[in-house]
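For what it's worth, this note's numbering labels the leading residue of the sequence shown as -7, then goes sequentially.
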Amino acid sequence: MKILTILGARPQFIKAGSVSRAIARVNSDWCLGTSETTTNNQQPLITEIIVHTGQHYDANMSDIFFDEMQIPKPNYFLGIGGKSHGAMTGQMIEKIEEVALKEKPDWIMVYGDTNSTLAGAIVASKLHIKLAHIEAGLRSFNMKMPEEVNRILTDRVSNILFCPTDTAIENLRNEGYENLECRIVKSGDVMQDGAIFYKNLAVKPNIEIKQDFILCTIHRADDENRLRSIFEALNEIAKEKQIILPLHPRTKKILESLKLNIENLTIIDPVGYLEMVWLIDNCSLVMTDSGGLQKEAYFFEKL
């Protein structure tokens, strides 16, 4: 069986790593359990072809990243990113279709709710290739979010919906999916699988860290008044307790323009995933607007 996996951002690669490792274990067991006299003993049971659309350029995703994270390197890099939603998704559909026609997979597998996810789903639907959606059934119930549109459309054309939670399954039932020709599976959360795996590989960042600290991330920086209020509050809290804040250059630039007093905060450059896992595991509290980090905080039993 051949699977074409479509990924577009570093978090998706980290999630997909859990599945890729499971595929490797299945193939290993297959080879060990196959008689040497058969013609199949050198052939993997499952062949995974990984496509990186390039939706989110990430300078941290070097060869070292894949080696350290124990994630297979992509077989294809499409280099599509930095465009509007329509242009990006359209070009992804075109390029993924070319790969699919060349590789002739039995399945296309997509993760989550990015434009890469939707593009892979459309290609699978148009070419009549079976589609597996990992992290299916999740809903924000906010149709103004492009991610919500992506996940709903992807779910609708999927043959297998791998749901992380009972709530995700209930969402699909409420939308009538039990009456459609698809299979709903409660598979568990690949983010949790990754968190458990990488906890033992975590690396302490090269910064001064007090024993009791708060980990904070801020991504949504579109409202300057709200941002000002948040950072004024954080600066006050940091008088009593260290707040470590890995900050994206874009947000940092906005803060500089606002000329805020943030001298009490420990602001650092964005860190790699293994360093972030260490910070989550060792902090006393997480403060964030990131849905992914909220889930990881829950996995590590943090407030």
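Glycine included, every Cβ here is placed at the ideal spot set by N, Cα and C.
Check: Take D147 as the anchor and find which of C174, N67 and E224 has the nearest alpha-carbon.; Outcome: C174
Check: Does A230 come out as helix, strand or coil in the three-state DSSP assignment?; Outcome: coil
Check: Hey, how far is the Cα of G9 from the Cα of K196?; Outcome: 22 Å
Check: Run the CB neighbour count on F69, radius 10 Å, all protein chains shown included, and call it buried at 16 or more, exposed below.; Outcome: exposed
Check: DSSP beta-bridge partners for Y103?; Outcome: I126
Check: May I have the straight-line CA-CA distance separating S150 from L250, to the nearest angstrom?; Outcome: 46 Å
Check: In angstroms, rounded to a whole number, what distance separates the CA positions of N19 and K(-6)?; Outcome: 12 Å
Check: Any idea if S108 is buried or exposed, counting beta-carbon neighbours within 10 angstroms, 16 or more meaning buried?; Outcome: buried
Check: Do T258 and I317 count as a contact pair if the criterion is CB distance below 8 Å?; Outcome: Nothing can be reported for residue 317, as the shown portion of the chain is limited to -7 through 295.
Check: Please classify H77 as buried or exposed, where buried requires at least 16 other C-beta atoms within 10 Å of its C-beta.; Outcome: exposed
Check: Which residues in the same chain as P36 place their Cβ atom closer than 6 Å to its Cβ, once the five residues preceding and following it in sequence are excluded?; Outcome: N19
Check: Short check: CB of I88 to CB of V43, under 8 Å?; Outcome: yes
Check: Taking the alpha-carbon positions, what's the I206 to E216 distance?; Outcome: 23 Å
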